[in-house]
Amino acid sequence: MHSRKTSAQHVTAQRLAALSRVGAALMSERDEAHLFQLIVETARDLIGATFAALTLRPLNEEGEPLVPSEGRLFHLAAIVGVTPEQEAQLRRMPLGGEGLLLPIFRHGVPVRVADAVALVARTEQSPPTDPRGAASQAAAAYVHGRLPAEGLRAQGVPPGHPIVRSFLGAPMLDRSGEVRGGLLLGHSQPGQFTHEDEIMLAGLAAQAAVALENVRWYRTAQMRAQELDAIFESIADGVTLVDPQGNVLRENGAAHRLRERLRETPAGERTVEALLATPARHVLAGEAVQESTVRVDDTGGETREYLVTASPLRLPTPPASPLPQDQRWMGQAQGTIAGAVVVWRDVTEARRLLIEQRVHVETEAWRALLQLILDELPSSVYLVRGRDARLVLANRAATAVFGATWLPGQPMREFLEENRIRVLGADDRPLPLEQFATLRAVQHGETVLQHQVTIHHPDGATLPVLVNAVALDARNLSLLPADTTARAAEEAEPAALVVHQDVTAIEARRALLQHILDELPSSVYLVRGRDARLVLANRAAATVWGVPWRPGQSMREFLEENHIRVFGTDGHPLALEQFATLRAVQHGETVRQQQVTIHHPDGTTLPVLVNAVALDAHQFDVVPSPLVSHPAEHAEPAAIVVHQDVTALKAAEQLKDEFISIAAHELRTPLAILTGFVQTLLNQTARGKGPALAEWQQKSLQSIDLATARLVDLAEDLLDVTRVQAGRLELQREPTDLVALARRVLARRQLTTERHALTLVTTLPHLVVHVDPRRMEQVLSNLIGNAIKYSPERGAIEVTIRAEHETHEALLSVRDQGIGIPLHEQAQVFERFARAGNAQAYGINGTGLGLYLCRELVEQHDGRIWFESAEGQGSTFFVALPLGSQAVPADL
0 MHSRKTSAQH
10 VTAQRLAALS
20 RVGAALMSER
30 DEAHLFQLIV
40 ETARDLIGAT
50 FAALTLRPLN
60 EEGEPLVPSE
70 GRLFHLAAIV
80 GVTPEQEAQL
90 RRMPLGGEGL
100 LLPIFRHGVP
110 VRVADAVALV
120 ARTEQSPPTD
130 PRGAASQAAA
140 AYVHGRLPAE
150 GLRAQGVPPG
160 HPIVRSFLGA
170 PMLDRSGEVR
180 GGLLLGHSQP
190 GQFTHEDEIM
200 LAGLAAQAAV
210 ALENVRWYRT
220 AQMRAQELDA
230 IFESIADGVT
240 LVDPQGNVLR
250 ENGAAHRLRE
260 RLRETPAGER
270 TVEALLATPA
280 RHVLAGEAVQ
290 ESTVRVDDTG
300 GETREYLVTA
310 SPLRLPTPPA
320 SPLPQDQRWM
330 GQAQGTIAGA
340 VVVWRDVTEA
350 RRLLIEQRVH
360 VETEAWRALL
370 QLILDELPSS
380 VYLVRGRDAR
390 LVLANRAATA
400 VFGATWLPGQ
410 PMREFLEENR
420 IRVLGADDRP
430 LPLEQFATLR
440 AVQHGETVLQ
450 HQVTIHHPDG
460 ATLPVLVNAV
470 ALDARNLSLL
480 PADTTARAAE
490 EAEPAALVVH
500 QDVTAIEARR
510 ALLQHILDEL
520 PSSVYLVRGR
530 DARLVLANRA
540 AATVWGVPWR
550 PGQSMREFLE
560 ENHIRVFGTD
570 GHPLALEQFA
580 TLRAVQHGET
590 VRQQQVTIHH
600 PDGTTLPVLV
610 NAVALDAHQF
620 DVVPSPLVSH
630 PAEHAEPAAI
640 VVHQDVTALK
650 AAEQLKDEFI
660 SIAAHELRTP
670 LAILTGFVQT
680 LLNQTARGKG
690 PALAEWQQKS
700 LQSIDLATAR
710 LVDLAEDLLD
720 VTRVQAGRLE
730 LQREPTDLVA
740 LARRVLARRQ
750 LTTERHALTL
760 VTTLPHLVVH
770 VDPRRMEQVL
780 SNLIGNAIKY
790 SPERGAIEVT
800 IRAEHETHEA
810 LLSVRDQGIG
820 IPLHEQAQVF
830 ERFARAGNAQ
840 AYGINGTGLG
850 LYLCRELVEQ
860 HDGRIWFESA
870 EGQGSTFFVA
880 LPLGSQAVPA
890 DL
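Residues in the sequence shown are numbered from 0 upward in steps of one, following numbering that gives the first Met the number 0.
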């Protein structure tokens with residue numbers, strides 16, 4: 000008994016070893032048909048069956064197995080142990096996964112039947128009621144010899160089915176657990192398959208499934224490789240793969256041909272080095288190479304351009320498949336640079352063609368645009384070339400000026416004689432042709448400006464015109480049409496641009512402009528030149544200055560001749576170079592709202608606002624000369640200046656300031672009384688004197704006290720504003736310790752808030768400056784108060800003091816972490832009544848006067864104030880005050 004057991008174990012071990020060897024053979028097979036045959040032969044020989052069959056599920060277009068259903072049946076892939084006739088018959092039979100195949104194909108479990116005859120006998124106890132069942136039962140009877148072939152065919156069952164008594168089947172499952180197919184074994188004798196055979200077959204089916212998937216992956220990879228090879232070779236650019244040692248791993252045909260051709264150039268290997276090896280080294284060193292241009296002289300002496308792009312060749316992500324990995328990639332981490340991809344492209348012809356196309360398109364576009372612009376000009380404009388002044392192009396107005404149409408390519412003399420056109424000079428005598436501005440320009444290279452002539456038309460009409468002719472270098476004139484004349488193509492001929500201006504129209508436009516300006520209530524005048532010579536002025540200008548200003552007279556001469564003085568806002572005479580007019584013509588500035596007071600020769604004064612706008616003399620001229628550039632000596636700057644009489648505005652502003660001052664003064668007394676009574680009631684209640692106040696009464700009195708304090712501050716601010724506006728603010732300067740002053744203000748302000756931490760940051764025990772201490776306390780208190788008010792979410796407030804010895808200034812800053820100032824509102828922060836929009840959104844009250852007063856007070860101390868802010872990130876305000884001779888930090 001023991002020996003039989005040992006013998007059985009030995010046989011089992013041999014079969015397992017054989018199964019392992021078979022598995023290795025299956026994994027190495029790459030031909031699908033051979034693999035199918037190997038699987039069924041192995042199954043038959045390993046298990047000892049009479050016949051073996053392999054069935055597979057059909058695949059969809061994506062290569063995925065279809066789920067078995069009606070019309071999607073399994074097909075026979077391979078079979079052994081049957082006759083050719085039986086094999087042909089079985090291949091025609093549909094395998095839908097019914098009967099004994101149901102557990103295998105539908106549920107993915109093995110099936111082992113010891114005797115199919117006994118199984119058929121049991122099914123015969125209940126005769127079938129449907130034709131399909133009857134055919135199945137007839138097939139079983141035929142298999143076991145109980146039904147002749149004629150009876151089988153009468154039931155619709157085809158002949159040729161092999162006789163099966165013992166049956167063993169195992170499913171082939173893919174990675175997702177879906178039934179991919181099945182291994183089916185049969186034997187003509189009953190009881191031939193054991194449980195061990197079932198295990199062996201299941202193992203073989205599993206190995207077969209993996210091997211089959213390997214073959215499919217391999218076939219797909221081969222197809223992809225062939226596709227990639229075809230794509231690689233079809234790339235017009237040269238593509239080369241280089242390993243880390245600089246060796247060429249692969250190159251397409253274009254790269255090979257290009258490399259061989261470059262070796263024949265004068266530079267030879269150096270060129271290949273520049274195009275291939277050098278970019279590869281840069282990439283392998285981690286440097287990017289993007290469209291680097293390399294110029295190479297070929298054997299014919301022509302310079303060619305190549306674009307070189309190189310990128311790292313990284314290891315690919317291993318595919319999610321059972322295929323064995325390429326040994327070249329073993330031991331290297333994913334993402335490792337395994338080499339470089341170098342792409343070469345000859346862009347010589349492409350760039351040449353691109354440049355030619357761009358030049359052609361741009362030339363045609365500019366030519367069409369030029370003609371369109373010229374046709375819209377009221378003045379006659381034409382372009383000629385050659386010493387005989389042949390016409391190249393002309394606008395529509397040229398026909399009206401000459402009274403006839405000048406044909407392109409026609410010389411000027413021929414045109415004038417053919418149309419009997421005469422040209423008279425300023426003396427009303429016929430002008431010789433060689434004295435025409437057009438001929439002087441093309442024959443002698445002259446630039447002729449404002450040449451006055453009269454043109455006599457063929458119909459007897461006359462037209463006085465001003466002629467401007469500018470000589471041009473035809474070699475630099477790219478807008479000339481290419482089809483002018485053969486002579487023009489052979490040599491660089493002179494050319495000229497000529498403009499005829501109708502004098503009558505010019506005078507009419509000038510008169511219209513003067514009429515319009517005279518109707519304006521404000522003073523308007525036009526000057527040109529760095530000395531601001533008058534070109535034209537309206538009637539209101541004489542009222543502003545008190546006397547008329549002669550055209551051509553410079554501003555300095557006009558003011559000195561008429562004893563006119565101009566004063567600034569500080570009441571001092573304004574230097575001539577600070578005049579808005581002179582700043583515009585001398586420095587090209589645009590000056591807005593300059594406030595000055597003009598003192599007339601008769602002793603009267605006139606407050607005005609001056610706006611001066613600098614003009615480009617090439618773009619503006621009262622006598623237009625379109626498309627003609629004046630010589631450098633004539634290209635003078637110009638400016639248009641407007642004076643606005645603000646006498647009424649000054650009076651209204653003075654009345655407003657007086658009203659505010661009176662109102663603020665009158666408010667001080669009742670506010671002082673109200674404050675005194677409220678504080679008395681609050682103090683007596685706190686000491687327990689007098690009748691007790693209810694809680695709501697105390698809160699009401701506190702609210703009244705707070706509101707009264709705000710009104711007092713507002714009244715004081717309004718009074719300060721009126722003093723500043725009227726120039727009546729007086730400073731009481733004295734040596735003041737800025738550090739001690741800051742500590743006092745911080746201590747006082749800290750009592751007003753428990754939500755903020757106020758700190759002073761300085762390394763100086765003292766810093767003495769010459770200021771008005773009360774006004775400087777007002778500035779610092781205002782800045783700290785704003786920092787508290789505009790930091791509603793708590794936060795630290797930091798005051799910093801230091802001495803800037805390079806600029807000899809004391810620098811004070813107040814930094815908060817509040818809501819900040821929006822960028823688009825920062826320019827108006829120091830204006831009167833200016834408040835940021837986000838402050839109103841947070842419900843923060845204020846008058847908008849605090850920062851205005853801070854600026855005025857700091858500037859009255861000859862200091863500077865500015866800020867840095869970002870919305871949502873807080874603000875920092877800076878104050879710089881001059882350090883006097885005694886204003887030195889005490890510890891230095």
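From the three backbone atoms N, C-alpha and C, an ideal C-beta is built for every residue, glycine too.
Beta-carbon to beta-carbon, Ala204 and Leu182 are separated by about 5 Å, close enough to satisfy the 8 Å threshold. For Asn785, the enclosing alpha helix (DSSP H) has its first and last residue at Pro772 to Lys788. Under the three-state reduction of DSSP, Val209 is assigned to helix. No Cβ-Cβ contact shorter than 7 Å links Leu275 with Glu290. Rounded to the nearest angstrom, the Cβ distance from Thr437 to Val497 is 5 Å, consistent with a contact under 8 Å. DSSP places Gly252 within a helical segment (H, G or I) once states are collapsed to three. Excluding sequence positions up to five before and after Gly847, its CB lies within less than 6 Å of the CB of Phe832, Ala833 and Arg834, all in the same chain and listed in chain order. Note on geometry: alpha-carbon atoms of Tyr789 and Ile818 lie some 6 Å from one another. Residue pairing by DSSP puts Asp345 in a beta bridge opposite Tyr305. Beta-carbon to beta-carbon, Val79 and Val110 are separated by about 20 Å, too far to satisfy the 8 Å threshold. Leu673 places its beta carbon 7 Å or farther from that of Leu700. Among the bridge pairs identified by DSSP, Thr453 is matched with Leu423 and Pro463.
Leu53 is positioned such that its CB atom lies closer than 7 Å to that of Ala76.
Gln643: member of the beta strand (DSSP E) spanning Ala637 to Asp644, first to last residue. Looking from the CA of Gln594, the closest CA among Glu375, Gly602 and Phe566 belongs to Phe566. Following the DSSP letters along the chain, one finds Gly873 inside the beta strand (DSSP E) bounded by residues Gly873 to Pro881. Look at Trp548 here: in three-state DSSP terms it is coil, with no helix or strand label.
Per DSSP, reduced to three states, the secondary structure at Gln731 is coil, with no helix or strand assignment. Distances from the CA of Glu416 to each of Tyr524, Pro189 and Trp405 were compared; the closest alpha carbon is that of Trp405. Comparing alpha carbon positions, the residue from Ile454, Pro881 and Glu635 closest to Leu423 is Ile454.
Taking C-beta atoms as the reference points, Ile800 and Thr752 fail to come closer than 7 Å. In this structure, the beta-carbon distance from Tyr217 to Arg29 falls below 7 Å. The Cβ-Cβ distance between Pro600 and His642 does not fall below 7 Å. If you draw a straight line from the Cα of Gln777 to the Cα of Ala838, it is about 22 Å long. Along the stretch 787-828, the beta strand (DSSP E) occurs as fully enclosed runs of 3 or more residues at 794-803 and 808-814, listed in sequence order. Between Ile46 and Asp196, the C-beta spacing is below 7 Å.
When the alpha-carbon of Arg863 is set against those of Pro821, Glu808 and Val767, the nearest one is in Glu808. Per DSSP, Val383 is one residue of the beta strand (DSSP E) stretching across Ser379 to Arg384.
Contact annotation: Leu471 and Ala494 have beta-carbon atoms nearer than 7 Å. In this structure, the CA atom of Ala460 is about 20 Å from the CA atom of His450. Secondary structure of Ser868 (DSSP, three-state): strand.
A distance of 7 Å or more separates the beta carbons of Arg732 and Leu856. The continuous stretches of beta strand (DSSP E) do not include Phe73, and DSSP gives it neither H nor E. Residue nearest to Val813 within the set His804, Pro791, Ser780 and His823 is Ser780 (criterion: CA-CA distance). Distance from Arg582 to Ala611 at the Cβ level is roughly 7 Å; contact confirmed, criterion being Cβ atoms closer than 8 Å.
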